[in-house]
Amino acid sequence: MTTSAPIDLAHDDHSPARSPRRRPTVLLVHGHPFDRSMWAPQVTALTAAGYRVVTPDLRGYGNSEVVPGITTLDVFAEDLAALLDRLDIPQVVIGGLSMGGQIVMEFCRLFPERVGAIVLADTFPRAETPEGKVFRNGVADRLLAEGLGGYADEVIDKMVAPATIAAKPEVAAHVLRMMRSTSPEGAAAALRGRAERPDYCELLTQLTCPAWVVVGEDDVYTPVSDAEYMHRQLSDSTLTVVAGAGHMPNLECPDEFNAALLAFLETLPDA
């Protein structure tokens, strides 16, 4: 088992362009098996619009410490809270994609006072099924035995839409590079932790902060129906479906993603 003691996360703290408004800070949480570089298009757009943006590598990923065993979602959330403490940031707009979105929901459960608004991208709130637990633990075993190379090759056309691979090979190459460079121990620990995640459906009904729910139209991992369900559960949410995108619309269609994200952020009060 992993310890719940927070670790120092590798991260980038991106300063905003000068703005007449004091805009909220945005914390972006990557998915599995990626790293903070997945948010590069959003960092460029948000800092240009006057937002401070913090992008960490989760434990076990990127340049952060690898802790083998089991990393549950509460451990990821506590690491993020500790990072915000070190940066002296009391409250954020927190967004995440896929596993990152589930970490956002756990962060809301543990630290509601630190959440000004949320972004849930290509994610889903339900607890893992018994079959899903077996599958995730099986993938974890495989990654420890084989590494991520074969796994990455097998899932690339699910991570991004086949049309993206054809039209934007550089995006597919970026996604493959992130997956192949991820620590097998870190990825396996996260998979085992996600297999034990709680159900967040009721939590969503209790959240009163503004929320933006976004999903790629062709996402096969977390389809549009999952996003529509979260949108209905949340009391104050906006839903965007990004045409032509798969599981990573922020990289596949960054202009559309960024425009909708900025429109959502514009509705929020100043920090």
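In the numbering used here, the protein residues as written are 30 to 300.
Glycine included, C-beta positions come from ideal geometry on N, C-alpha and C.
Just verifying my parser: in three-state terms, what is the DSSP assignment at residue i?
i	result
residue 66	helix
residue 96	coil
residue 57	strand
residue 76	helix
residue 42	strand
According to the neighbour-count rule (16 or more other Cβ atoms, all chains shown, within 10 Å of its Cβ), is residue i buried or exposed?
i	result
residue 92	exposed
residue 165	buried
residue 235	exposed
residue 237	exposed
residue 84	buried
residue 201	buried
residue 255	buried
residue 163	exposed
residue 281	buried
residue 86	buried
residue 156	exposed
residue 269	buried
residue 119	exposed
residue 212	buried
residue 298	exposed
Looking at the ligand GDP, does it come within less than 6 Å of residue i, judged from the CB to the closest heavy atom?
i	result
residue 124	The ligand GDP is not part of this structure, which contains no ligands at all.
Report the rounded CA-to-CA distance for residue i versus residue j, giving the unit in angstroms.
i	j	result
residue 81	residue 59	17 Å
residue 168	residue 179	12 Å
residue 134	residue 241	13 Å
residue 42	residue 188	27 Å
residue 40	residue 64	10 Å
residue 266	residue 260	6 Å
residue 224	residue 172	15 Å
residue 67	residue 286	13 Å
residue 215	residue 88	7 Å
residue 158	residue 105	21 Å
residue 271	residue 253	10 Å
residue 90	residue 232	27 Å
residue 289	residue 239	14 Å
residue 69	residue 228	30 Å
residue 72	residue 161	33 Å
residue 143	residue 96	26 Å
residue 273	residue 185	16 Å
residue 203	residue 275	15 Å
residue 57	residue 102	15 Å
residue 176	residue 115	33 Å
residue 77	residue 94	31 Å
residue 99	residue 36	15 Å
Are the segment 213–224 and the segment 238–256 touching, with three or more C-beta to C-beta distances below 8 Å?
no
Contact between the segment 107–116 and the segment 135–144 is defined here as three or more beta-carbon pairs at a separation below 8 Å; is this criterion met?
A contact exists between the segment 107–116 and the segment 135–144.
Could you pull out every unbroken alpha helix (DSSP H) segment of at least 4 residues lying fully inside the segment 117–148, listed in chain order?
128–139
Pick out the complete beta strand (DSSP E) segments inside the segment 218–293, 3 residues or longer, and give them in chain order.
Entirely contained in the segment 218–293, the beta strand (DSSP E) runs reaching 3 residues are, in chain order, 240–245, 266–271.
Restricting to runs no shorter than 3 residues, where is the beta strand (DSSP E) found entirely within the segment 139–221?
144–150
Counting Cβ pairs, one atom from each stretch, are 3 or more of them under 8 Å apart for the segment 44–58 and the segment 182–200?
no
Flag this pair as touching only if the segment 116–132 and the segment 141–157 have three or more C-beta atom pairs under 8 Å; answer yes or no.
yes
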